[in-house]
Amino acid sequence: MGCSKWRAALNVGHLRVQSRLSVFLTMIVLVTYLFYCLNGLCDSVPRPVFTQRAHLHERISGRNEEPDAAQDAAQLGGGTFNASLVRDLSNSDTNNNNNEDDDDNNNSNMSIANTFGSKKFPQAIIIGVKKGGTRALLEFLRIHPDVRAVGAEPHFFDRFYDKGLEWYRNLMPRTLEGQITMEKTPSYFITKEAPRRVFAMSRHTKLIVVVRDPVTRAVSDYTQTLTKSPGLPSFQNLAFRNSTTGLIDTSWSAVRIGIYSKHLENWLRFFPLSRFLFVSGERLVTDPAGEMGRVQDFLGLKRVVTDKHFYFNQTKGFPCLKKPEGSSRPRCLGKSKGRPHPQIPDGVLLRLRDFYRPFNLKFYQMTGHNFGWD
């Protein structure tokens, strides 16, 4: 009887020691975790499996996209993902260098990897042009499961190049094996230093230029500026150095951007024509599925984005994306798209069209494509 009591007392004491030891170890873990968090190192602490799965679910549903700077882009947000992406997510050991040649810039072959993918330099960039349809193209592309794109325009190769390539790469979304990293900044096309800088990053970068009738583009550019600066002089006062002689003022950016052949010459000093795709801004409105087919082919993507994704919004005057599953409304570009243009005298437009004609013809020859602007 005495032995039994003795053994029971020992067991109780042992349990108390175990309990105290568990509490002590738990306190050590909590203190260590708090120390890591206070020093900004929480991301390096392994997450529980259920937390990782929840994070993956957010990425699949598109809720973890980078925020857009423009309000209209925010309405189009994350894309639609398919089952192949879910399978890709199971491959945690990603190697996303895309087999670049050894003689390419070493920086383009580096990646910052973690369980959910790698941050890479973009393999494709929409480099222009302003008011050509670049935002629409990017948002149409973002519904493709194998495209990951920065929503806001980075402006790295024209404004922030001094921040360095690592800064630029950190702006990129994480991608999985087989996915393409993209960004768009339309001002790259007219920036003299941009071609050399992009080439220094990677000479294999694919370049997309969305072009539009330069006269219509200039009026659209002016319309956008007018909404921000209501006191702006008239279109004709800005377009002409002398309204009597009809001399065009090429220093005005709205006019200068439309001289596509001159800007392209600058890019062709560094990249062959095969690295470019020229997208018609007009066809992107009238036949978005057709143009998107060309874009997907150029990027080496399966044709996932097709005519079933679009409908034409008569009020706005351009195509919108059909309502995705689980959404209460279709997705259209914001109110800044489809603004009514001010009335410009026919004589002014005719003079401007005559000015652009030789540049347009040269651009047709350089690209091997007649865009039919004349």
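With UniProt numbering, letter number 16 in the sequence shown gets 16, and the count goes up by one each step, no holes.
Note that the Cβ used here is the ideal one computed from N, Cα and C, for glycine as well.
Given the structure is predicted, the values throughout are model-derived calculations rather than measurements.
{"query": "Could you pull out every residue in the same chain whose Cβ sits closer than 6 Å to the Cβ of aspartate 213, ignoring the five residues on either side in sequence?", "result": "Trp373"}
{"query": "CB glutamate 291 to CB valine 304, shorter than 9 Å?", "result": "no"}
{"query": "In the DSSP assignment, find the unbroken beta strand (DSSP E) run with serine 229 in it and report its ends.", "result": "Careful: serine 229 lies outside any beta strand (DSSP E) and carries neither H nor E."}
{"query": "At the level of alpha carbons, what is the spacing between phenylalanine 160 and methionine 172?", "result": "15 Å"}
{"query": "Skipping 5 residues on each side, what residues in its chain have a beta carbon closer than 7 Å to that of tryptophan 252?", "result": "Leu238, Ala239"}
{"query": "For the structure I just gave you, are there three or more beta carbon pairs, one from the region 188-201 and one from the region 117-130, closer than 8 Å?", "result": "yes"}
{"query": "Taking the CB atoms as reference points, tell me whether phenylalanine 359 and serine 261 lie closer together than 9 Å.", "result": "yes"}
{"query": "Buried or exposed: threonine 286, going by 16 or more other Cβ atoms within 10 Å of its Cβ?", "result": "exposed"}
{"query": "What's the gap between the Cα of arginine 351 and the Cα of aspartate 221?", "result": "18 Å"}
{"query": "Which same chain residues, not among the five before or five after methionine 182, have their C-beta less than 8 Å away from its C-beta?", "result": "Pro122, Gln123, Ala124, Ile125, Ile126, Leu138, Leu141, Val147, Arg148, Ala149, Val150"}
{"query": "Would you give the residue range spanned by the beta strand (DSSP E) that alanine 124 belongs to?", "result": "124-128"}
{"query": "Give me the Cβ distance between phenylalanine 270 and proline 195, rounded to the nearest whole Å; I'm assuming they're in contact under 8 Å.", "result": "4 Å"}
{"query": "Exposed or buried, which one is isoleucine 28 when buried takes at least 16 other CB atoms within 10 Å?", "result": "exposed"}
{"query": "Measure the C-alpha to C-alpha separation of proline 342 and valine 348 and round it to an integer number of angstroms.", "result": "13 Å"}
{"query": "Just to confirm the assignment, what range does the alpha helix (DSSP H) spanning proline 195 have?", "result": "194-201"}
{"query": "The beta strand (DSSP E) spanning lysine 184 covers which residue range?", "result": "180-184"}
{"query": "Using a Cβ-Cβ cutoff of less than 6 Å, which residues in the same chain neighbour valine 210 once the five nearest sequence positions on both sides are dropped?", "result": "Gly132, Gly133, Thr134, Leu137, Val279, Gly281"}
{"query": "With DSSP run on the structure shown, which of helix, strand or coil describes glutamate 100?", "result": "Bear in mind that a pLDDT of 33 at glutamate 100, under 50, signals an unreliable position, so the number given afterwards is only what the model happens to contain. DSSP places glutamate 100 in coil when its eight states are reduced to three."}
{"query": "Name the one or two DSSP bridge partners that phenylalanine 140 has.", "result": "Bridge partners of phenylalanine 140: none, in fact."}
{"query": "Determine the burial state of threonine 227: buried for a count of at least 16 other Cβ atoms within 10 Å of its Cβ, exposed for fewer.", "result": "exposed"}
{"query": "Taking 6 Å as the limit between beta carbons, can you name the residues of its chain near aspartate 354, skipping five residues before and five after?", "result": "none"}
{"query": "Shortest alpha-carbon distance to valine 295 belongs to which of Ile180, Lys120, Lys322?", "result": "Ile180"}
{"query": "Is DSSP giving serine 280 helix, strand or coil here?", "result": "strand"}
{"query": "What did DSSP end up calling asparagine 242 once you bin it into helix, strand or coil?", "result": "strand"}
{"query": "What is the rounded straight-line gap between the Cα of histidine 369 and the Cα of histidine 263?", "result": "16 Å"}
{"query": "Might you give, ordered along the chain, the residues of its own chain that have their beta carbon closer than 7 Å to the beta carbon of lysine 322, omitting 5 neighbours on each side?", "result": "His309, Phe310, Tyr311, Pro330"}
{"query": "Once the 5 residues before and after threonine 225 are set aside, which same chain residues still bring their CB inside 8 Å of it?", "result": "Leu232, Ala254"}
{"query": "Identify the continuous alpha helix (DSSP H) that holds proline 345 and give its terminal residues.", "result": "No alpha helix (DSSP H) holds proline 345; DSSP gives it neither H nor E."}
{"query": "Taking the C-alpha atoms as reference points, what is the distance between lysine 120 and threonine 26?", "result": "39 Å"}
{"query": "Out of Gly246, Thr306, Asn266, state which residue places its alpha-carbon closest to the alpha-carbon of histidine 144.", "result": "Thr306"}
{"query": "With a 10 Å radius around its C-beta and 16 neighbouring C-beta atoms as the bar for buried, classify arginine 20 as buried or exposed.", "result": "exposed"}
{"query": "Would you check if the distance between the CB atom of tyrosine 364 and the CB atom of glycine 258 is smaller than 9 Å?", "result": "no"}
{"query": "Could you have a look at isoleucine 257 and say whether DSSP puts it in helix, strand or coil?", "result": "coil"}
{"query": "How long is the line joining the alpha carbons of arginine 256 and aspartate 249, rounded to whole angstroms?", "result": "8 Å"}
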